[in-house]
Amino acid sequence: MRKRAKNSLAHKILKAVAIGGVVAVAATNPYFGLAFMKGIQKDLERKKWWEFQKELKRLQRAKRLNVELNPDGSFTVTITQLGKDYVARYDLDSLTINKPEEWDGLWRICSFDIPTDKQAGRFSLLSKLKELGFIMIQKSVWAHPFECREQLAVLARAFEIEKYVYVFTASDFDGHHNLYLKRKFERQNDAALV
């Protein structure tokens, strides 16, 4: 499937289903369940039902949506993992790492060895790691105190570098390194690790 713009009907449908989980599309009102999403309503008003249905079928053929016909004539639409990956690729700007009330004392380490033909992915990953508050230990080893495996998986998938990125948890650094990382994270992110 060719890349589609972030504001295409396909992307908006996928995002609406990703946010809504399982969406019921009524036969009498085909836009029910998707029209709740801001930004898609105008598109749905301009599009004819057959165009909307055609897009659903195309997304189903591309294995980005599961579309099932119900006995009452309505459809149940769910997003597949492939569809979630597609949406994530375009929604990296909204990616965040949740801060728990209390730090568990563990560091999440992101290590990578990305080949030169994937340098664009490396630079994109580095940019997002900095933006998300990671601390550099070495040029290709970064640490964060909060759970972020899911976010790192999304980034690696989006930049097509999954097989080069490793994530693990460390409970102990040498004493002064642990304190150094903690202070550096607090300074850089203006947040206390309690």
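Residue numbers for the sequence shown follow the numbering used here, so the first one is -2 and each next one is one higher. The beta-carbon is built from N, C-alpha and C at its ideal position, and this holds for glycine as well.
Looking at the secondary structure, which residues open and close the beta strand (DSSP E) in which R105 lies? W104 to F109
Compare the C-alpha of E194 against each of K160, E157, N186 and F143 and name the closest. The structure shown does not extend to residue 194, since the chain is modelled only from -2 to 191, so the question has no answer here.
Give the range of the alpha helix (DSSP H) segment to which L62 is assigned. Careful: L62 lies outside any alpha helix (DSSP H), inside the beta strand (DSSP E) at L62 to L66.
For E65 and S124, the rounded distance between their alpha carbons: 40 Å
Member of P112, R55, H8 and A150 whose CA lies at the smallest distance from the CA of S137: P112
Just how far apart, CA to CA, sit T166 and H174? 15 Å
Identify, in the order they occur along the chain, each residue of the same chain with its Cβ nearer than 7 Å to the Cβ of L149, setting aside the five sequence neighbours on each side. C107, V162 and V164
When we look at the beta-carbon of V191 and count the other beta-carbons within 10 Å, is it buried (16 or more) or exposed? exposed
Got a sec, what are the start and stop residues for the alpha helix (DSSP H) A117 sits in? Q116 to E128
Where does F182 sit, in a helix, a strand or coil, going by DSSP? helix
Straight-line CA distance for L103 to Q57? 41 Å
Just the C-alpha distance for A7 and Y83, rounded to the nearest angstrom, thanks. 10 Å
Considering only the beta carbon of each residue, do I10 and E52 sit closer than 8 Å? yes
First and last residue of the uninterrupted alpha helix (DSSP H) at V151: R146 to A155
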